[in-house]
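When we follow this note's numbering, the leftmost residue of the sequence shown carries the number 243, and every step to the right adds one.
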Amino acid sequence: MSDHIDHVDHIDRSGEPLVRAVNVHKSFGSNEVLKGVDLDVYPGEAVVLLGPSGSGKTTFLRLINQMETLTGGRIWVNGELIGYEERDGRLYQRKDSDIARQRSHIGMVFQRFNLFPHKTAFENITEGQLVVTKKSKKAAAERAWDLLGQVGLTDKADAYPSQLSGGQQQRIAIARALAMDPELMLFDEPTSALDPELVGEVLQVMKTLAGEGVTMIVVTHEMGFAREVADRVYFMDGGVVVESGSPEDVLVNPQADRTRAFLSRVR
Ligand code: ADP
Numbered sequence: 243m244s245d246h247i248d249h250v251d252h253i254d255r256s257g258e259p260l261v262r263a264v265n266v267h268k269s270f271g272s273n274e275v276l277k278g279v280d281l282d283v284y285p286g287e288a289v290v291l292l293g294p295s296g297s298g299k300t301t302f303l304r305l306i307n308q309m310e311t312l313t314g315g316r317i318w319v320n321g322e323l324i325g326y327e328e329r330d331g332r333l334y335q336r337k338d339s340d341i342a343r344q345r346s347h348i349g350m351v352f353q354r355f356n357l358f359p360h361k362t363a364f365e366n367i368t369e370g371q372l373v374v375t376k377k378s379k380k381a382a383a384e385r386a387w388d389l390l391g392q393v394g395l396t397d398k399a400d401a402y403p404s405q406l407s408g409g410q411q412q413r414i415a416i417a418r419a420l421a422m423d424p425e426l427m428l429f430d431e432p433t434s435a436l437d438p439e440l441v442g443e444v445l446q447v448m449k450t451l452a453g454e455g456v457t458m459i460v461v462t463h464e465m466g467f468a469r470e471v472a473d474r475v476y477f478m479d480g481g482v483v484v485e486s487g488s489p490e491d492v493l494v495n496p497q498a499d500r501t502r503a504f505l506s507r508v509r
């Protein structure tokens with residue numbers, strides 16, 4: 243596809259994936275939401291998760307970020323089992339400090355912007371650096387200015403979230419997540435709460451990040467983004483991955499009836 247940014251060739255799939263999910267199950271009470279999901283994400287890849295509402299996409303992201311706990315299967319991030327450690331063939335729950343460390347390597351951007359309302363854009367970006375990674379004020383400020391430039395909001399450094407548009411807030415939320423130097427970015431429908439005219443500016447920032455080789459998993463209904471930016475697309479329905487492949491494979495030549503039915507509804 244001519245408008246695809248095509249960094250696929252730069253991705254080395256011969257080594258270890260950055261994220262490996264194997265047979266992931268998740269139930270809430272008797273409601274089994276994920277029924278054995280397998281997914282690999284290689285360093286530098288942009289993976290898009292598509293699927294109807296309720297298919298378990300958000301739950302899957304929340305498991306990777308340990309906002310939920312698995313009821314079956316395993317997830318490794320950068321070679322390390324998350325949530326648990328394995329000793330002598332048995333799984334043990336990790337210590338809270340260990341979980342916090344694992345989570346600190348993952349950036350997450352939510353549908354709602356989740357900025358600290360009483361802090362400026364600049365302070366939102368420096369806060370985690372000062373508190374979590376204990377950077378110096380100078381280093382945190384330098385990084386914040388860099389990131390404000392990257393998301394095109396240098397002139398909004400002193401604005402409070404309420405003074406920013408939804409699109410600007412979401413760009414600050416992305417900058418705040420990047421400030422922690424995550425090895426993986428998770429985006430959970432980052433544009434679905436935005437007015438339509440503000441969607442493009444957020445997708446553009448994400449597209450640029452993908453082009454720079456930031457590894458990301460994106461839950462979105464934005465088909466244009468999936469087509470242009472994704473290296474791999476996973477279509478989920480009913481708690482399973484129905485099919486996965488290149489954007490061309492899944493979006494242009496879907497194999498499964500369920501994928502075709504979904505695509506005909508969202509197009
Ligand atoms: P998607 O992101 O694909 O729309 P979700 O992962 O948000 O799907 O939700 C999948 C299912 O899991 C839904 O039926 C939802 O009601 C259920 N679910 C999600 N989170 C919880 C929770 N904390 N408690 C109970 N049920 C939940």
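Even for Gly, the Cβ is constructed at its ideal location relative to N, Cα and C.
Is residue i near the ligand ADP, in the sense that its beta carbon is under 8 Å from a heavy atom of that ligand?
| i | result |
| --- | --- |
| V300 | The amino acid at residue 300 is misidentified as Val; the sequence shows Thr. Yes - the ligand ADP has a heavy atom lying nearer than 8 Å to the Cβ of T300. |
| N273 | yes |
| V461 | yes |
| S297 | yes |
| G314 | no |
| G293 | yes |
| E485 | no |
| Q270 | The question names Gln, but residue 270 in the sequence shown is Phe. Checking every heavy atom of the ligand ADP against the Cβ of F270, one is found closer than 8 Å. |
| M350 | no |
| M478 | yes |
| E287 | no |
| E490 | no |
| E369 | no |
| E443 | no |
| E322 | no |
| E454 | no |
| G365 | Per the sequence presented here, residue 365 reads as Glu, with Gly not at that position. Checking the Cβ of E365 against the ligand ADP gives no. |
| E327 | no |
| E425 | no |
| E310 | yes |
From which residue to which residue does the alpha helix (DSSP H) around residue i run?
| i | result |
| --- | --- |
| N307 | Where N307 is concerned, there is no enclosing alpha helix (DSSP H), given that its DSSP letter is neither H nor E. |
| D388 | 379 to 392 |
| I414 | 408 to 420 |
| V444 | 438 to 453 |
| F352 | Segment: none, F352 is in no alpha helix (DSSP H) and carries neither H nor E. |
| D479 | Per DSSP, D479 belongs to no alpha helix (DSSP H); it is in the beta strand (DSSP E), 474 to 479. |
| I341 | 338 to 346 |
| R500 | 499 to 508 |
For residue i, which of the options has the nearest alpha-carbon?
| i | options | result |
| --- | --- | --- |
| S407 | A421, F355, K380, Q392 | F355 |
| L291 | Q497, F477, R507, S488 | F477 |
| Y284 | G257, T301, R304, E274 | G257 |
| V275 | G296, Q392, Q335, L281 | G296 |
| V261 | I253, P294, T301, I306 | I306 |
| Q353 | G409, A342, S339 | G409 |
| E217 | A435, D479, L451, V483 | This structure gives no information on residue 217, because the portion of the chain shown stretches from 243 to 509. |
| L505 | D473, G481, V471, G466 | G466 |
| F364 | G394, L440, G271, V266 | G394 |
| T457 | L426, A386, E470, W387 | L426 |
| Q344 | T368, V374, I367 | V374 |
The beta strand (DSSP E) spanning residue i covers which residue range?
| i | result |
| --- | --- |
| L333 | 332 to 335 |
| I317 | 314 to 319 |
| K361 | Neither: K361 is in no beta strand (DSSP E) and is coded neither H nor E. |
| D282 | 273 to 283 |
| A263 | 261 to 270 |
| V471 | Taken as a continuous stretch (DSSP letters only), V471 belongs to no beta strand (DSSP E), being part of the alpha helix (DSSP H) at 465 to 471. |
| D430 | 426 to 430 |
| V492 | Run containing V492: none; DSSP gives neither H nor E here. |
| D486 | One point to set straight first is that residue 486 is Ser, not Asp, in the sequence displayed. Element bounds for S486: 482 to 487. |
| L291 | 288 to 292 |
| G460 | For the record, residue 460 in the displayed sequence is Val; it is not Gly. Where V460 is concerned, the enclosing beta strand (DSSP E) stretches over 458 to 461. |
| R329 | 326 to 329 |
Regarding residue i and the ligand FMN, is the C-beta to nearest heavy atom distance less than 8 Å?
| i | result |
| --- | --- |
| E464 | Summarising the ligand content, the structure contains the ligand ADP and does not contain the ligand FMN. |
Tell me, please, whether the CB atom of residue i is closer than 9 Å to any CB atom in chain D?
| i | result |
| --- | --- |
| T433 | You won't find chain D in this structure, because it holds only one protein chain. |
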